[in-house]
Amino acid sequence: MTNLYDLGFLEGTIGETIVSTYDVDVQPNAAPMGVMMDNSKQLIIRPFVSSLTYKNLQANRCAVVNVTSDPELFYVTAFKEANPDRKLSLELFEKADMVDAPRLLAADAFIEVLVAETGSFSPERAEFLCNVQLVKASKALPTVYCRAQFATIEAIIHATRIKPFLRGNKQEQKHAFRLLELVNVCKDVVNRTAPNSRYSEIMAELHQRISVWRKESESLR
Numbered sequence: 001m002t003n004l005y006d007l008g009f010l011e012g013t014i015g016e017t018i019v020s021t022y023d024v025d026v027q028p029n030a031a032p033m034g035v036m037m038d039n040s041k042q043l044i045i046r047p048f049v050s051s052l053t054y055k056n057l058q059a060n061r062c063a064v065v066n067v068t069s070d071p072e073l074f075y076v077t078a079f080k081e082a083n084p085d086r087k088l089s090l091e092l093f094e095k096a097d098m099v100d101a102p103r104l105l106a107a108d109a110f111i112e113v114l115v116a117e118t119g120s121f122s123p124e125r126a127e128f129l130c131n132v133q134l135v136k137a138s139k140a141l142p143t144v145y146c147r148a149q150f151a152t153i154e155a156i157i158h159a160t161r162i163k164p165f166l167r168g169n170k171q172e173q174k175h176a177f178r179l180l181e182l183v184n185v186c187k188d189v190v191n192r193t194a195p196n197s198r199y200s201e202i203m204a205e206l207h208q209r210i211s212v213w214r215k216e217s218e219s220l221r
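Numbering (the UniProt record's numbering) for the sequence shown: 1 to 221.
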């Protein structure tokens with residue numbers, strides 16, 4: 001039977017996943033999110049209190065933690081406006097088996113969870129301790145390690161934090177520019193190892209978005 005360790009989770013270590021939930025209208029939502037294993041039966045999710053994921057977890061007390069190494073899934077769930085009609089397609093999802101939440105059809109594995117405890121991690125982020133109800137994994141074949149693939153995911157994760165930091169105080173703006181430097185490093189890796197690929201297309205789109213965010217933040221000063 002598949003367990004959290006089989007999926008690469010370790011106690012006290014953050015794993016990058018995509019957390020999916022239903023909103024009040026029972027519409028599926030999904031967003032990239034770092035998740036930490038507390039023990040073999042519990043995961044910790046720490047969403048920003050301003051996020052839809054936080055609101056959905058508060059209301060429904062459950063979620064699916066989707067495990068994938070597909071940059072495309074990270075991209076379309078991080079930046080909903082990149083999708084047709086600027087929202088996630090219902091065709092990306094199916095209903096979970098044991099909790100009232102959606103799961104991503106294309107994920108390599110998924111973990112269905114129920115919220116056990118709710119607390120505060122910081123002024124900006126909540127903490128949900130979740131009990132694992134079900135773990136399932138596909139029988140996907142092993143794939144070669146591709147630096148561009150993981151550099152693209154890393155850049156997407158950094159980019160989700162750049163936009164709010166650009167609009168923050170001076171300290172947050174400095175952090176945004178440090179993250180931008182990391183995105184540029186990822187872009188160099190992608191352009192060297194996978195030019196003219198979907199990975200390089202995503203990186204180009206990310207840089208276009210970041211350029212727009214920078215202009216918008218400058219206009220607010």
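Even for Gly, the Cβ is constructed at its ideal location relative to N, Cα and C.
Per the coordinates, the alpha-carbon of L206 lies some 22 Å from the alpha-carbon of A106. A direct Cα-to-Cα measurement between V132 and L43 gives close to 7 Å.
The Cβ atoms of P28 and P102 lie closer than 8 Å to each other. DSSP lists N39, N131 as the bridge partner or partners of Q42. The Cβ atoms of I202 and C130 do not sit closer than 8 Å to each other. Rounded to the nearest whole angstrom, the C-alpha separation of V212 and N56 is 29 Å. The C-beta of N3 has fewer than 16 other C-beta atoms within 10 Å across all chains shown, which makes the residue exposed. Fully enclosed alpha helix (DSSP H) runs of no fewer than 4 residues occupy 147–166 of the region 121–188, in order along the chain.
Cβ-Cβ separation between K187 and A155: approximately 7 Å, consistent with a contact (criterion under 8 Å). By the neighbour-count definition (other C-beta atoms within 10 Å, threshold 16), A151 is a buried residue.
Per the coordinates, the alpha-carbon of D108 lies some 13 Å from the alpha-carbon of E16. Closest option to A63, judged by alpha-carbon separation, among I111, Y75, S50, F79: I111. Annotation: the continuous beta strand (DSSP E) that includes V67 extends over 62–67.
Residue burial annotation: V183 is buried, with at least 16 other C-beta atoms found within 10 angstroms of its C-beta.
Look at V115 here: in three-state DSSP terms it is strand. Rounded to the nearest whole angstrom, the CA to CA distance from A194 to I153 is 14 Å.
Counting of Cβ neighbours within 10 angstroms places V144 among the exposed residues, the total staying below 16.
In the assembly as shown, V99 is a buried residue. Its beta-carbon has 16 or more other beta-carbons within 10 Å. Here Y75 has A82, I156, I202 as same chain residues with Cβ atoms under 7 Å from its own Cβ, once five neighbours each way along the sequence are excluded. Taking C-beta atoms as the reference points, V190 and Y199 count as a pair closer than 8 Å. M36 is a Cβ neighbour of G12, given a cutoff of 8 Å.
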